[in-house]
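> Dumping the structure here so I can ask a few things about it.
Number of protein chains: 2
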Amino acid sequence: MAVEVTPGTTSDSQRNGSAAEQTWVFMAEDAPAANRDLLGGKGAGLAAMTQAGLPVPPAFTITTAACNAYQSAGQQFPSGLWDQTLAALKKLEAKSGKKLGDASDPLLVSVRSGARESMPGMMDTVLNLGLNDETVQGLARQTSNERFAWDAYRRFVGMFGRIVLGVAGEKIDHAFDSAKSRAGTKQDTDLNAQQLRAVTQELKELVQNETGQPFPTDVLKQLELAIKAVFNSWMGKRAVDYRNQFKIPHDLGTAVSVVTMVFGNMGDDSGTGVAFTRNPSTGKREIYGEFLPNAQGEDVVAGIRTPITIGKMRELWPDVYQQFEQIADRLEKTYKDVQDLEFTVERGKLYMLQTRNAKRTGKAAVVTAVEMVSEGVITRDEALKRVQPMHVQQILVPQFDPEALRKSGAPIGQGLAASPGAAVGKVVFDPDRSQQLAAEGEPVVLARRETSPEDFHGMAPAVGILTSRGGSSSHAAVVARQMGKPCIAGAEEINIDVERQQLTANGTTLREGDWISLDGTTGQVFAGRIPTIAPDLERETELLTLLKWADDTRKIGVWANADTPDEVARARSLGATGVGLVRTEHMFREEGRPPFVQEMILAAPDAKRGDSAARARYLKSLDTLREFQTGDFYGILKAMDGLPVVIRLIDPPLHEFLPKHEKLLEEVTRADAKDETGPEVDEKRRLLEAVSRLHEQNPMLGLRGCRLGILFPEIVEMQVKAIAMAAAKLKKEGLNPIPEIMIPLVGTRNEMALERERLEGVVKDVFASQGTDVAYKFGACMEVPRACIVAGQIAETAEFFSYGTNDLTQTSYGYSRDDAEGKFLGEYLKEKVLPHNPFESIDREGVGELVRMGIERGRKQRPSLEVGICGEQGGDPASVAFCHDVGMNYVSCAPGRIPVARLAAAQAALGHTPTDR
Amino acid sequence: MAVEVTPGTTSDSQRNGSAAEQTWVFMAEDAPAANRDLLGGKGAGLAAMTQAGLPVPPAFTITTAACNAYQSAGQQFPSGLWDQTLAALKKLEAKSGKKLGDASDPLLVSVRSGARESMPGMMDTVLNLGLNDETVQGLARQTSNERFAWDAYRRFVGMFGRIVLGVAGEKIDHAFDSAKSRAGTKQDTDLNAQQLRAVTQELKELVQNETGQPFPTDVLKQLELAIKAVFNSWMGKRAVDYRNQFKIPHDLGTAVSVVTMVFGNMGDDSGTGVAFTRNPSTGKREIYGEFLPNAQGEDVVAGIRTPITIGKMRELWPDVYQQFEQIADRLEKTYKDVQDLEFTVERGKLYMLQTRNAKRTGKAAVVTAVEMVSEGVITRDEALKRVQPMHVQQILVPQFDPEALRKSGAPIGQGLAASPGAAVGKVVFDPDRSQQLAAEGEPVVLARRETSPEDFHGMAPAVGILTSRGGSSSHAAVVARQMGKPCIAGAEEINIDVERQQLTANGTTLREGDWISLDGTTGQVFAGRIPTIAPDLERETELLTLLKWADDTRKIGVWANADTPDEVARARSLGATGVGLVRTEHMFREEGRPPFVQEMILAAPDAKRGDSAARARYLKSLDTLREFQTGDFYGILKAMDGLPVVIRLIDPPLHEFLPKHEKLLEEVTRADAKDETGPEVDEKRRLLEAVSRLHEQNPMLGLRGCRLGILFPEIVEMQVKAIAMAAAKLKKEGLNPIPEIMIPLVGTRNEMALERERLEGVVKDVFASQGTDVAYKFGACMEVPRACIVAGQIAETAEFFSYGTNDLTQTSYGYSRDDAEGKFLGEYLKEKVLPHNPFESIDREGVGELVRMGIERGRKQRPSLEVGICGEQGGDPASVAFCHDVGMNYVSCAPGRIPVARLAAAQAALGHTPTDR
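As they're listed, the protein sequences go chains S and G.
If you count by my numbering, then the first sequence holds residues 1 to 917, one letter each, in order.
If you count by my numbering, then the second sequence holds residues 1 to 917, one letter each, in order.
What follows is the structure in structure tokens.
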């Protein structure tokens, strides 16, 4: 894709490069330290630290504007840039008392790239610039250390050759390795000055062979090439791809900082380190980091030697440590955030090289944010904006004990991180076995190629779910998230063989009963049993505090999608102030009920045609189911006492409650082929016929939702009667049930009006017969595009709208989620045909536009209309922000996502854009 | 549903009934004859004829405003109404020289209802009002015919009892039948005066027993009750339901006409008749009707005696006939339309009782409209508005010879009239047999429970199609309409047994090869062979004239959906000026091609994964298919030379081209159960696996449309190459091909942009290699709601939009058409949940709103955007009007519907609302 660069903050005269007064280069001490856009993160940090009087090596920064001007001019320095660079260099030389290229006492610099945010694909740092065959001698003399000087020169030639001149890294490494093997050693440190000198020469020759040019000995030429290399890397393929992916504008540009070299490898009174102002894992207020004596930064990265803790440094050099501690405290106060610091100690003198906001775990993010409020460093609003919603999620799922994880073997496979948390159990491949083993008290992990509603009884008791097919919104993933269970979906390299009851992956085979560990947060699958650490919201006092602030701040309610009293209770404990979706059909699948559901479904069509025997069976099964459902609703309404509970009437196609068509067809065909007879085969034949009758080409778009209720009114009347009976009972017990009855899949004015008219009669009859009265509402589940268009008509009789954005996304795009995830959505996301998965985060411009339109039209008809979302996106921070923006009353999500949604809702109220999806 | 009546044309003072000057009653000679709203159709006709000096019995009319005032006042006459009625009655008495209730020479009147349009559920006419035990004697004396007088009285008591007093008709009939059987006769006419007198007495007693009140002898009371009965019938359930259904306002009201009785049963110089001013079947300019001497209107309706033709009347009474002929001519000129007249001759004197616009056949409608233009009676615009689009359709399909149809037996079954016209052939139950028999030159009718794309090869050669399942937009119906073949769908009472190769219905069994006749216009199925009359557009000169005028008038193009050169040629001969939809996948099903299509599909996924053998097979099959398709496109573009042809790239899910999953599963399961082995079983197993891999839960929402093209670019590249090659060849031959390439199922900006970018390259390459250049367009098929919302983004790279309203209706409502028609759409239409089938006629307020929005947003981005419709609704008159209203450039429909669409488009341009869907 083509990239057009339009300088962002540069004026026309800058772009033309004609204005002599344009400032392209700032000394760290004079730079506008707050302007990260102009100086990049690194340049801004250097400037701020310098201006605060901290010990920073002299430095200057070439601005991002210069980078943009360079790009616009066809990879040419804009007028004035080089002159200003030379002038800045002069100042650097004046400060350090050394000169770049001075054969007796040479100045060495590092050249560092730095965009506003650090970005993969950008140029690395070039250290030790300024060395050549003459200055290396001066360095040796000045440091009285010839080996050090040649080692520095060797490093510089390699780094410059690779990064600036584009020589393949392997070739450079190969040259160095040859030298070592010739010297009969494997360690860099074993090479002496003489040997390093020879290596340097070889590297220079390699560069000349590869580039056709001698290695530049002119130190100014070195500087110019290094600066241009940084600029060019901004438009390199990797950087452009990255920015395209994350929608980062191409006209930000990168700055270049030129920093006087300091050396941590000048002896035992030198060293280099990185540290955080607070513990980035736990959030604890302590300096946390590591330090490598007598080393350059490179060596820390290479991992050749093991660093010591920062605490050890305190013992070694108490004065330096104390100075560092004070600086850290000061930087944290300045930036009002935990800082990630880089520093070097050269012959006992501390130099700060970089300061930036630290990356941290969820736990640390919450703890530091809340503590910084109590310390008076930041406000509550700032704390709320600083914690990412996904940080909250991280805290609330069990995690592998990091220590144990480190010791465990490599993962045997990798899938999609479909539902977070760690799960450890015995692997089973059959839902019945899952149920059995779990009933025996075993922790089980259910592994299937994919799951379907028929597997539910085996999924519910499992501690975790693994599938080799399907995406992050496959049935397995959705159900797992709903239940707050870890799940890894679509782990394609794991071959799950259900028939043989085993899985194989990368040479490992696990059979039923073998231990398996899933990390639903990362998607990694491990053989064996890795210990976990359990979460406990009650003990997460900082999180509780933060969520309390969120509740005080947010404008939008956070309700839960929950189908059982237990789930409702869990949701309430996590802060839900309502239930936005009870899926009544889930109750049909509970133990002991399927036979009655089956009877109801098989008898209904004949009953409708006037068959009186069928009608008797139909009504009898409905009576039984009503008893069951009354108990269910009683429990749910009781658990949500005093808060609203939106109950959706039966939604899925009826055949979902019957045995699978294909399975029956196979069984009957096989029985026929073998001439088997008997009552069992007859029953299967009867079932097959019934299932065939209900079979649909596209069940998603078939006889379901309110269409069922209109064709078979007795079923929804049964449900509504159960709701009303449960509510009446609770009211008489002195509680305050608030049922809201939701009609699914409404698409027309008449559907809503007809259903409400019929069902409101049922409610009133029950209350009259029970001698009590309970407030209730009727509303529509908005799941088809037409409902959004004619929302005003629907609002004539609907008192609330709940956006079923799963189905609305399916119908708006014309995607069946099941099929899309398996067939083309992966490719669409990979090829960026879609910017993100619209089933995970709402599609603002398409589906969202329909939602907005529906709310507007609905509220025009009925200003008091209550509006919420009950699709899965309700727990996604970006979607929560959308719901806030369009003026919904609440979002409803899986119980486990409630804390996330509470924070996201607060951020939306503060106008803060979520940074994670 | 509640009905609120708000008087339409009445002022406030009228509504309050307080203004004494309000005129509720008009004498026929003074009434505002042009005001049908106020006088009703009947009252306006009487007034017009009276004022034109025609012989009309004296009459007055109570207005519709009076009816509304009566309803508003809670079924009370408004102030002044009764007084005005009495005053009008006085004038009637003065004109006739008789008095109502005068025992010596009584005036008798008829009381007739009359709304603006005739409407089922409204009150019938009451004749002979004014008779009681005294006046009957006077009538007997005056007519010197005692039997006549008692017969009139007997009729009046029965009619008044039934219509005004609500006595059940059967009871009245029973009383009369008892009298006849007592008299030992079965004919009314056999009863003498004495016997009729006794019957009258019995009827009066019956009325008293049933109503608890004596039969009213007060003639003014009779009149008052009759008027109120008419008013009350306006709000009767049947009338209210009818108006709700047809969206007729409830505040039109009905008028009441009170007309002096004249008697056609006063002897051989009397009679009664009905006649049309032109032949209502053929449109021929001739008086056409029938006449019954010595009879009352009642007798004509009852069908007791056979009437004579109007020609006979001319012979009998040349003077009366001549007078009638002049009157007919005058009335036709007055109303500028063919009139349907009722008249009575009383003792040689002609009385006109009613004139109204005649109902007529399609043929007659077209002929009279065109001839009236040449006669200077009406303008061309009026002619265009007068003919209903469905009239045109009627002319263009073969019809049963009406004479033969009359003589044929009763139909053996009734289904949905899915595609009009008569089809006669030998019934077959298997598509292969259909193909075989048709190849042998037999006319065949294919009967199936339902059809699928796999049956296509048997449908194409059939003369008609019959299914016992599915609705009017089932596969069978859609394909049949497309091919212009008669089809009856969903004939549920016909049991089609494909295995036993027979159908049974109402006791008749037809086996393969038996003759069957289908009337696709009425949905009736006949056993045997009924002769048909073929249409011939070239001979329908009046229709050709009318369509020429339509073309001059309409603003919107009429294009065709056509998939073969033959269809395209037919469409062009019917007036299409473009092809709006070529379904390329239809070509994949033609003879000899499925093996290559299958190979392509089976190899594609493996080829994509990098299997080089699969890739070779894939590319080879594509090469073959490209050859085929180049020929196809060459033929189509040639047939539409100089006019645009919109070619849609492959759209349906790939598994539609493979054997059915269930069938394979059955076969493989059976083979496995029987331990069968061999290459055939292996092949089936391989196919089953491939089909299973492609199997989708909801194929409608799965891997199809542009998703296919993005995943398997080679397939659409092959198609586009074929299009470009065909176009280049034609161009080099001196023709002018205009291909427009349509990307199906576009839902996002990127899909359109990506496909266009890839495919435009292919087009350019072909033209470059062929050394020629052809104008072309790329556009989007708008089939999912999201496309309409983000239409502006899509129009960035789409030069045209074609609304695929079949799919757009499916996704907007969330209906799968196949499933909906079979499962719930019937009930929805029956219960009026939906006002009409949105797959037949566009849903203006839902789907239509999305279409409108898409056009607006698309044109905002690209003002030159070409917009059309290619869904089936394109041939529906109401939908054509919609397309005109939203500013589309063209509609595209099945070839057979093109004449209909041409007329509908002209009517839309004239602002004329279609009266039929």
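Note that beta-carbon positions come from the ideal geometry of N, C-alpha and C, so glycine has one too.
(1) Helix or strand or just coil, what does DSSP make of S:T260?
(2) If you draw a straight line from the alpha carbon of G:R857 to that of G:G846, how long is it in whole angstroms?
(3) What span of residues does the alpha helix (DSSP H) with G:A671 cover, start to end?
(4) Which partner residues does S:E342 have in the DSSP bridge list?
(5) Closest Cβ-Cβ distance between S:R707 and chain G: below 9 Å?
(6) For G:E662 and S:Q861, what's the separation of their Cα atoms in angstroms?
(7) Quick one: which chain G residues come within Cβ less than 7 Å of S:Y815?
(8) Given that S:I710 touches chain G, what residues does it touch there, using C-beta distances under 8 Å?
(9) Could you check whether the region 452-467 of chain G touches the region 486-496 of chain G, counting it as contact only if at least three pairs of C-beta atoms, one from each stretch, sit closer than 8 Å?
(10) List the endpoints of the continuous alpha helix (DSSP H) containing S:Q142.
(11) When Cβ atoms are compared, which residues of the region 429-461 of chain S fall closer than 8 Å to chain G?
(12) Check G:C893 in the structure and name its three-state DSSP category.
(13) Give every residue of the same chain whose Cβ lies closer than 7 Å to the Cβ of G:A88, excluding the five residues on either side of it in the sequence, and list them in chain order.
(14) Which whole runs of the beta strand (DSSP E) in the region 40-96 of chain S are 3 residues long or more, in chain order?
(15) Between S:L316, S:T211, S:A52, S:E202, which has its C-alpha nearest S:R330's C-alpha?
(16) For S:V790, return the contacting residues in chain G, with the cut-off set at a CB-CB distance below 9 Å.
(17) So which residues on chain G does S:A673 lean against when the C-beta distance must stay under 9 Å?
(18) Just to confirm, is the Cβ distance from G:G875 to G:R481 under 9 Å?
(19) Using C-beta distances below 7 Å, list every residue in its chain close to G:L924, excluding the 5 sequence neighbours before and after it, in chain order.
(20) Within the 9 Å Cβ cut-off, does G:N750 reach chain S?
(21) Compare the C-beta of S:N698 against all C-beta atoms of chain G and say whether one is closer than 9 Å.
(22) Nearest to G:S802 by alpha carbon, out of G:E831, G:L745, G:Q793?
(23) Which chain G residues sit within Cβ distance under 8 Å of S:R758?
(24) Note down, in chain order, all residues in the region 233-266 of chain S with a beta-carbon under 8 Å from any beta-carbon belonging to chain G.
(25) Going along chain S in order, which residues have a C-beta closer than 9 Å to the C-beta of G:Q873?
(26) Count the other C-beta atoms from every protein chain shown that fall within 10 angstroms of the C-beta of G:S144, then say buried if there are 16 or more, exposed otherwise.
(27) I'd like to know whether the C-beta atoms of S:V718 and S:V766 end up nearer to each other than 9 Å.
(28) Grab the span of the alpha helix (DSSP H) containing S:W150 for me, first residue to last.
(29) So what's S:P293 in DSSP terms, helix, strand or just coil?
(30) With DSSP collapsed to three states, give me the class of S:R648.
(31) Please tell me whether G:T811 has its Cβ less than 9 Å away from any Cβ of chain S.
(32) For G:G905, which option in G:V256, G:E733, G:P280, G:L384 has the closest C-alpha, if you only look at C-alpha atoms?
(33) Skipping 5 residues on each side, what residues in its chain have a beta carbon closer than 8 Å to that of S:T509?
(34) DSSP beta-bridge partners for S:M459?
(35) Hey, would you say G:L574 sits closer than 9 Å to G:K638, going by beta carbons?
This is what the structure gives:
(1) For the purposes of this step, residue 260 of chain S is identified with residue 260 of the first sequence, where counting begins at 1. Correct three-state label for S:T260: strand.
(2) On the second sequence, residue 857 of chain G is found 857 positions in, with the first residue counted as 1. On the second sequence, residue 846 of chain G is found 846 positions in, with the first residue counted as 1. C-alpha separation (whole angstroms): 17 Å.
(3) Looking up residue 671 of chain G in the second sequence gives position 671. Looking at the DSSP string, the run of the alpha helix (DSSP H) that includes G:A671 is 661-673.
(4) Taking the first sequence and counting its residues from 1, the one referred to as residue 342 of chain S is at position 342. Paired residues: S:V274, S:Q354.
(5) As a working note, residue 707 of chain S is residue 707 in the first sequence. So, interface residue.
(6) For the purposes of this step, residue 662 of chain G is taken as the residue at position 662 of the second sequence. For the purposes of this step, residue 861 of chain S is taken as the residue at position 861 of the first sequence. If you take the alpha carbons of G:E662 and S:Q861, they lie about 49 Å apart.
(7) Residue 815 of chain S sits at position 815 when you count from the first residue of the first sequence. By Cβ distance, chain G contributes L701.
(8) For the purposes of this step, residue 710 of chain S is identified with residue 710 of the first sequence, where counting begins at 1. F824, E827, Y828, E831, V833, listed in chain order.
(9) yes
(10) Translated into positions along the first sequence, residue 142 of chain S becomes position 142. Looking at the DSSP string, the run of the alpha helix (DSSP H) that includes S:Q142 is 135-143.
(11) none
(12) As a first step, residue 893 of chain G must be located in the second sequence, where it is residue number 893. Looking at G:C893 - three-state DSSP - the assignment turns out to be strand.
(13) Within the second sequence, numbered from 1, the residue matching residue 88 of chain G stands at position 88. Closer than 7 Å at Cβ, skipping near neighbours: V25, M27, F60.
(14) 59-62
(15) Within the first sequence, numbered from 1, the residue matching residue 330 of chain S stands at position 330. The option with the nearest alpha carbon to S:R330 is S:A52.
(16) Walking along the first sequence from the start, residue 790 of chain S turns up at place 790. The contacting residues are E845, G846, E849.
(17) Taking the first sequence and counting its residues from 1, one reaches residue 673 of chain S at position 673. What S:A673 touches in chain G: T669, R670, A671, D672, A673, K674.
(18) For the purposes of this step, residue 875 of chain G is identified with residue 875 of the second sequence, where counting begins at 1. For the purposes of this step, residue 481 of chain G is identified with residue 481 of the second sequence, where counting begins at 1. Yes. Within cutoff.
(19) Any question about residue 924 of chain G goes unanswered here, given that chain G covers just 1 to 917.
(20) Indexing the second sequence from 1 puts residue 750 of chain G at position 750. So, interface residue.
(21) Position 698 of the first sequence holds residue 698 of chain S. Judged by the 9 Å Cβ criterion, S:N698 is in contact with chain G.
(22) Along the second sequence, one-based indexing puts residue 802 of chain G at 802. Ranking the options by Cα distance to G:S802, first place goes to G:L745.
(23) By one-based count along the first sequence, residue 758 of chain S stands at place 758. What S:R758 touches in chain G: nothing, since even the nearest Cβ is about 12 Å away.
(24) none
(25) Counting from 1 along the second sequence, the entry for residue 873 of chain G is found at position 873. The premise fails here: G:Q873 is roughly 15 Å from chain S at the closest Cβ pair, so nothing lies under 9 Å.
(26) Along the second sequence, read from residue 1 onward, the residue named residue 144 of chain G stands at position 144. Flag for G:S144 reads exposed.
(27) The residue given as residue 718 of chain S occupies position 718 in the first sequence. The residue given as residue 766 of chain S occupies position 766 in the first sequence. Residue identity check: residue 718 of chain S is Met in the sequence provided, not Val. Result no, Cβ atoms of S:M718 and S:V766 do not sit closer than 9 Å.
(28) Taking the first residue of the first sequence as 1, we reach residue 150 of chain S at position 150. Here the alpha helix (DSSP H) through S:W150 covers 146-159.
(29) In the first sequence, the residue the question calls residue 293 of chain S occupies position 293. It is a strand residue.
(30) Taking the first residue of the first sequence as 1, we reach residue 648 of chain S at position 648. Correct three-state label for S:R648: strand.
(31) In the second sequence, the residue the question calls residue 811 of chain G occupies position 811. Cβ-Cβ to chain S under 9 Å: yes for G:T811.
(32) Indexing the second sequence from 1 puts residue 905 of chain G at position 905. This sequence places Ala at residue 905 of chain G; Gly is not what is there. Nearest of G:V256, G:E733, G:P280, G:L384 to G:A905, Cα basis: G:L384.
(33) Position 509 of the first sequence, counting from 1, holds the residue named residue 509 of chain S. Here the set comprises Q502, L503.
(34) Translated into the one-based positions of the first sequence, residue 459 of chain S becomes position 459. Partner(s): none; S:M459 has no beta bridge.
(35) In the second sequence, counting from the first residue as 1, residue 574 of chain G sits at position 574. In the second sequence, counting from the first residue as 1, residue 638 of chain G sits at position 638. For G:L574 and G:K638, no; Cβs fall outside 9 Å.
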